[in-house]
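Undergrad: Could you have a look at this structure, given as structure tokens, before my questions?
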Amino acid sequence: MLRCSRCGKAYPEVFRLNCDCGGTLFVERNLEAFAPEPFLDLRRYRNNLPLECEVFPIPAVTPVSEVEIKGVRAVFKLDYLQPSGSFKDRGTWVTVSKLLNEGIGEVVLDSSGNAALSFALYGLANGISVHAFVPSGTSPGKLSLLQRLGALVHYVDGDRMTVHEKAVEFAERKGLTYVSHWLNPYFIEGTKTIAFEIYEQLGVPDWVLIPTGSGTLFLGLWKGFSELKATGEIERLPRLVAVQASGYESLCERSAVRNTLAEGIAIPEPPRLEEMRLAMGETKGICVSVDEDETMGALGWLNRHGFLVEPTSAVVLSALWKLIERGLIGRGELVVMPLTGSGLKLTQGI
Numbered sequence: 016m017l018r019c020s021r022c023g024k025a026y027p028e029v030f031r032l033n034c035d036c037g038g039t040l041f042v043e044r045n046l047e048a049f050a051p052e053p054f055l056d057l058r059r060y061r062n063n064l065p066l067e068c069e070v071f072p073i074p075a076v077t078p079v080s081e082v083e084i085k086g087v088r089a090v091f092k093l094d095y096l097q098p099s100g101s102f103k104d105r106g107t108w109v110t111v112s113k114l115l116n117e118g119i120g121e122v123v124l125d126s127s128g129n130a131a132l133s134f135a136l137y138g139l140a141n142g143i144s145v146h147a148f149v150p151s152g153t154s155p156g157k158l159s160l161l162q163r164l165g166a167l168v169h170y171v172d173g174d175r176m177t178v179h180e181k182a183v184e185f186a187e188r189k190g191l192t193y194v195s196h197w198l199n200p201y202f203i204e205g206t207k208t209i210a211f212e213i214y215e216q217l218g219v220p221d222w223v224l225i226p227t228g229s230g231t232l233f234l235g236l237w238k239g240f241s242e243l244k245a246t247g248e249i250e251r252l253p254r255l256v257a258v259q260a261s262g263y264e265s266l267c268e269r270s271a272v273r274n275t276l277a278e279g280i281a282i283p284e285p286p287r288l289e290e291m292r293l294a295m296g297e298t299k300g301i302c303v304s305v306d307e308d309e310t311m312g313a314l315g316w317l318n319r320h321g322f323l324v325e326p327t328s329a330v331v332l333s334a335l336w337k338l339i340e341r342g343l344i345g346r347g348e349l350v351v352m353p354l355t356g357s358g359l360k361l362t363q364g365i
């Protein structure tokens, strides 16, 4: 079933984004024991997911890469190696399964680029038309790929919240299904699988540092580890760190200067903010803000060490440096950092 995070009302497990009261929804099921199947892709966890139909391509179980940074066991989770080049494929895969089951063949979403690319790829492969609303300043490489994948691209002048509003207006006017990953409960079902993978690969880390704008990955990690704890598979939760772009913070204090490089998390008013606060509290987590210069420094380090990622991914490394300097993360602790988006998409004409 679907459960409202505000009033607790339950709904059948159909595709919808909000409760009648305006609250956001989560999928709630009787939890199965954690028993991964012998696949090297996300079918490994299908007993723990609300999958309805077969969907291709199937997202990968992504590798990890460990380095030592000032005595800390720093592990990068390479989610930029997913089919469309970002972690968003996890949520899209589960969402498209639900859409196909309900016979929905045309959808609308808004995105800074990665979610639109993910839905465009899965829409092309599974016969769903995708209207993608994107900021007019979106990276040329991402726009080129969107067009090649057959997405119907709508350019919007204004910030990320304006793009969201225009997409909702269009969907309502045309009578189309709006599939916002910000609100979509099935998207979070997909992103929770990264917690399952981290647990199988590394056990329960001390910390997970997550690029956080709309909160879909942050909440997915919280939900995944919480389900493992609820079934008795693990005894504790890792501490979750919401890493936010300066000038766009929702959990940290809002900065005066904007970090425009980390476009994927430039979301100052996420609709799931209360759930994000709850997740941060339950995991004894914290929020860290990263500015543009810090992002560039971390991106350069990642590139020099062989990780070809986009700037949004780099904020987690900058946050790690800050937390080590402040004495909050110490020697010997295990820290996981998802690298969420590929840098290849930023190249024009790729």
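So the numbering used here is basically just the index in the sequence shown, starting at one, shifted up by 15. For every residue, glycine included, the Cβ atom is placed at its ideal position computed from N, Cα and C. Quick caveat: nothing in here was measured; it's all calculated off a predicted structure.
(1) Terminal residues of the continuous beta strand (DSSP E) containing Glu340?
(2) With DSSP collapsed to three states, give me the class of Lys92.
(3) Between which residues of its own chain and Gly37 is the CB-CB distance below 8 Å, once the five residues before and five after are set aside?
(4) Given a threshold of 16 other Cβ atoms within 10 Å of its Cβ, counted over all protein chains shown, does Ala186 qualify as buried or as exposed?
(5) Taking DSSP as the reference, what is the three-state secondary structure of Ala11?
(6) Can you tell me whether Met16 is buried or exposed? The criterion is at least 16 other CB atoms within 10 Å of its CB, across all chains shown.
(7) Less than 8 Å between the CB atoms is what I'm expecting for Pro65 and Glu290, so what's the real figure, rounded?
(8) Do you know whose CA, among Gly128, Val168, Gly142, lies nearest Pro156's CA?
(9) Whether or not the stretch 310 to 320 and the stretch 195 to 210 are in contact is what I'm after, with contact meaning three or more pairs of Cβ atoms, one per stretch, closer than 8 Å; do they touch?
(10) Tell me, please, which residues DSSP counts as bridged to Gln259.
(11) Would you kindly work out how many angstroms separate the C-alpha atoms of Val122 and Cys68, rounded to a whole number?
(12) Let me check understanding here. Comparing Cα to Cα, which of Gly296, Leu191, Val258, Cys34 lies closest to Gly279?
(13) Since Arg273 contacts Ser265 with CB under 8 Å, what's their CB separation in whole angstroms?
(14) For the beta strand (DSSP E) that Asp125 lies in, which residues bound it at each end?
(15) Alpha carbon to alpha carbon, how far is Asp125 from Ala131? Give it in angstroms, no decimals.
(16) Which residues in the same chain have their Cβ closer than 8 Å to the Cβ of Lys244, if we skip the five residues on either side of it in sequence?
(17) CA-CA distance, Pro286 and Gly173?
(18) Distance, Cα to Cα, Ser154 vs Lys360?
(19) Using alpha carbons as the reference points, say which of Thr246, Trp108, Ala147, Asp221 lies closest to Thr192.
(20) Quick check: the Cα distance between Glu215 and Ile119, rounded to an integer number of angstroms?
(21) Throw me the rounded Cβ distance for the Ala135 and Gly165 pair, which I believe falls under 8 Å.
(22) Evaluate Glu242 with the Cβ neighbour count: other Cβ atoms within 10 Å of its Cβ, from every protein chain shown; 16 or more gives buried, anything less gives exposed.
(23) State the Cα-Cα distance for the pair Leu217 and Ala75, rounded to the nearest angstrom.
(24) For the putative contact between Thr390 and Tyr26, defined by C-beta atoms under 8 Å, what is the C-beta separation to the nearest angstrom?
TA: Based on what the coordinates show:
(1) Not the beta strand (DSSP E): Glu340 falls in the alpha helix (DSSP H), residues 326 to 340.
(2) In the structure shown, the three-state DSSP call for Lys92 is strand.
(3) Arg21
(4) buried
(5) Outside the shown range of the chain, which is 16 to 365, sits residue 11, and nothing can be said about it.
(6) exposed
(7) Actually they do not touch by this definition, with Cβ atoms about 18 Å apart.
(8) In the sequence as presented, Pro is not what sits at residue 156; that position holds Gly. Of the candidates Gly128, Val168, Gly142, the one whose C-alpha sits nearest the C-alpha of Gly156 is Gly128.
(9) no
(10) Ser304
(11) 17 Å
(12) Val258
(13) Not quite, the Cβ-Cβ distance comes to about 14 Å (not below 8 Å), so this is no contact.
(14) 121 to 125
(15) Counting only the Cα atoms, Asp125 lies some 7 Å from Ala131.
(16) If the five residues before and after Lys244 are omitted, its C-beta is found closer than 8 Å to the C-beta atoms of Glu250, Arg251, Leu252, all from its own chain and listed in chain order.
(17) 19 Å
(18) 8 Å
(19) Ala147
(20) When the Cα atoms are used, Glu215 and Ile119 turn out to be separated by approximately 35 Å.
(21) 7 Å
(22) buried
(23) Those two C-alpha atoms are separated by around 17 Å.
(24) A query on residue 390 cannot be resolved here, the shown segment of the chain reaching from 16 to 365 and no further.
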